[in-house]
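> Chains as they are written, first to last, in the working numbering: chain A, 7 to 118; chain B, 7 to 118; chain C, 7 to 118; chain D, 7 to 118.
1. Find the nearest neighbour of residue 19 of chain D within the set C:104, C:112, C:8, judged by alpha-carbon distance.
2. Express the C-alpha separation of residue 65 of chain D and residue 84 of chain D in angstroms, rounding to a whole number.
3. Where do the N-terminal and C-terminal ends of the alpha helix (DSSP H) with residue 49 of chain B fall, by residue?
4. For residue 103 of chain C, which residues in chain D fall below 8 Å Cβ to Cβ?
5. Using a Cβ-Cβ cut-off of less than 9 Å, list which residues of the segment 61-87 of chain B approach chain C; keep chain order.
6. Here's the rule: buried if 16 or more other CB atoms are within 10 angstroms of the residue's CB, otherwise exposed. What is residue 118 of chain D?
7. Less than 8 Å separating the beta-carbons of residue 74 of chain D and residue 10 of chain D?
8. Identify which residue in A:72, A:59, A:79 has its Cα closest to the Cα of residue 58 of chain B.
9. Residue 123 of chain D CB to nearest chain A CB: under 8 Å?
10. Out of curiosity, what's the CA-to-CA distance linking residue 36 of chain A and residue 40 of chain D?
11. Determine the extent of the alpha helix (DSSP H) in which residue 96 of chain D is found, giving its start and end residues.
12. Alpha carbon to alpha carbon, how far is residue 107 of chain C from residue 113 of chain C? Give it in angstroms, no decimals.
13. Buried or exposed, going by whether 16 or more other CB atoms sit within 10 Å of the CB of residue 60 of chain A?
14. Determine the extent of the alpha helix (DSSP H) in which residue 23 of chain A is found, giving its start and end residues.
15. Give the residues of chain A in contact with residue 106 of chain C, contact being defined as C-beta atoms less than 7 Å apart.
16. Starting from the beta carbon of residue 39 of chain D, find every residue of chain A whose beta carbon is closer than 7 Å, and list them in chain order.
17. Out of C:87, C:77, C:25, point me to the one whose CA is closest to residue 5 of chain D's CA.
18. Which residues of chain B have a Cβ atom closer than 8 Å to the Cβ of residue 36 of chain D, listed in chain order?
19. Start and end of the alpha helix (DSSP H) containing residue 66 of chain D?
20. Could you work out which residue in A:12, A:22, A:27 is closest to residue 77 of chain A when comparing CA atoms only?
21. Beta-carbon of residue 59 of chain D versus every beta-carbon of chain C: anything under 8 Å?
22. How many Å lie between residue 48 of chain A and residue 101 of chain B at the Cα?
23. Can you give the beta carbon distance from residue 50 of chain A to residue 33 of chain D, rounded, assuming they're within the 8 Å contact cut?
24. Helix or strand or just coil, what does DSSP make of residue 99 of chain B?
25. Helix or strand or just coil, what does DSSP make of residue 37 of chain C?
26. Report all residues from its chain with a CB closer than 6 Å to the CB of residue 44 of chain B; omit the five preceding and five following residues, and keep chain order.
27. If you measure between the beta carbons of residue 23 of chain C and residue 97 of chain D, is that distance less than 8 Å?
28. Name the chain G residues that come within less than 7 Å of residue 15 of chain D, Cβ to Cβ?
29. Can you tell me whether residue 42 of chain A is buried or exposed? The criterion is at least 16 other CB atoms within 10 Å of its CB, across all chains shown.
30. Of all the CB atoms in chain B, is at least one closer than 8 Å to the CB of residue 6 of chain C?
31. Give the residues of chain C in contact with residue 32 of chain D, contact being defined as C-beta atoms less than 8 Å apart.
32. Checking contacts by CB at 8 Å: is residue 12 of chain B closer than that to chain A?
33. Can you pull the chain D residues whose beta carbon is under 7 Å from the beta carbon of residue 109 of chain C, in chain order?
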C-alpha cells in the first residue's frame, strides 16, 4: 500500500518540484500532525462535516504519511501488519470485546 | 491501498472486538491527531529517533486513517490521487520548483 | 498572566537546567502540540477523564505556552486581549449568539 | 493567572454569545489541539514565521486553555506550580542540566 500507481504519482510530484530538500522526517512528522488537526477541525464542535472536506483532509494526512514512509524506505503494509500483531496481543478478544480501556487496565477491569 | 490483506486484517481486528461502536468518525479523527502527535514527540527536541518507534507510530496513524476510510467507505487511492490533482494545480512546477511557500504567495514571490 | 511568582518559577526551572538551548520557538511549538494531544487523549473515546490527569496535561500545555511567550518576550495578557478584540469583531453578539458557525458563514446563515 | 481583567473578558465573551453550550471539556480539548497545530504550521518548514501570526495563534491556544480551566473551575497558577513541582522531582538539576532526555533515561545515561 498504496498502489504502485499512487506511490509513483507521489514520488513524481515531489521530484518534479525538487521538494525532497524540505521533506526531512521531522518536517513530515510536523506536517502529519498539522493535517491531522485540520481534519479534526471538521469535527471541532460535533457537527457533521462536509464529506468532500473530510476526503481532502484525510488524503492530506495519508499523503504526508506516504512521503515519510518513502523517505525512510518503509513498507507500509509491513509496518501496519506488524503493529497490528502487537496490538492484537495487547487487546485479546476475550478481554477487549466491546470495551475500550487501555490494555494496562484490561486485566484489572475484567470480571472474573 | 492498502493491500486487500491489510484491509481485511484491520476490519477483522475491529469486528472481533466489537469496536465499531467506538469508531465514530469524530473519535477516529481524534485518534489520528493523537497518534500523529506521538510520532511528532519522537522528533520533539530535534533528536534522531529510534527507527522502530517511528515505524510503530507511523503505523498507528495509518491504521486510524484506514479505520476512518473504512467507516466512511472511502477509496484511499481515489482520495489521494484526487487531492494530488488539486495540489498539482496549486503548485505548478515552474513556480513551485525548489520553493516551499504557500500557493497563495507563489505568484507574487516568483521572479519575472 | 501568569502571576509573577509562576513566571519566575518557570524561568528559574529552565535556567537551572540550562535548557534555553533546547527551547527554540519551533521546538516549543512542537511541544505545545504534543502536550495538547496528550490532553485530547484523555477524551479520546468520549469517556470522563480523571480530573487530576486533566489538570496535569492542561498545565503542560500552559507551561510550554509560557516558555514560548518568555522566549519571544510576549505579554500574555496583551496578546490574549488583542486576539479577543479581533474575535469579538468577527463574531458580533447579534449574529453569533447561540450559534457556532465559522464567522465567514455567520452572515449568510443568519435569519433576516 | 490570567489577570482578573483577562479572565473576566473571556467569561463575558462566552456568556454574551451563549457559547457555554458548545464548550464541553472534550470540545475545548479538541480546540486546544487544533489551535496548537495552527501555531505549529507557522514553523512547518523551518521558516521564521511572522511575529504577529505567532502572537495570534499562541493567544488562541491560551484562550481555549483558559476556557477549559474556567469550565472545570481550575486555578491556573495552582495547576502550573503543582505540575512544575512534579517535573522538578523528575528532572533533578544535577542529572538534567544541559541534557534533554526523558527522565526515565536520565539515570542510566548519566556519567558516574
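Just so you know, even glycine gets a beta-carbon here, dropped at the ideal spot from N, CA and C.
Predicted model only: the values in this text are computed from it and were never measured.
Straight from the coordinates:
1. C:104
2. 20 Å
3. That residue, residue 49 of chain B, is in no alpha helix (DSSP H); it is neither H nor E in DSSP.
4. 22, 23, 24
5. none
6. Confidence is the limiting factor: at residue 118 of chain D the pLDDT is only 42, short of 50, which leaves the residue's position unreliable and the question unanswerable from this model.
7. no
8. A:79
9. Nothing in the structure corresponds to residue 123 of chain D, since chain D is present only between 7 and 118.
10. 13 Å
11. 82-96
12. 10 Å
13. buried
14. 10-23
15. 51
16. 43, 46
17. Here chain D covers residues 7 to 118 and nothing more, so residue 5 of chain D does not appear.
18. 36
19. 57-77
20. A:27
21. no
22. 30 Å
23. 7 Å
24. helix
25. helix
26. 63
27. yes
28. Here the protein chains are A, B, C and D, and chain G is not one of them.
29. buried
30. A question about residue 6 of chain C goes unanswered here, because the residues of chain C that appear run from 7 up to 118.
31. 49, 52
32. yes
33. By Cβ distance, chain D contributes nothing, its closest Cβ being about 12 Å from residue 109 of chain C, past 7 Å.
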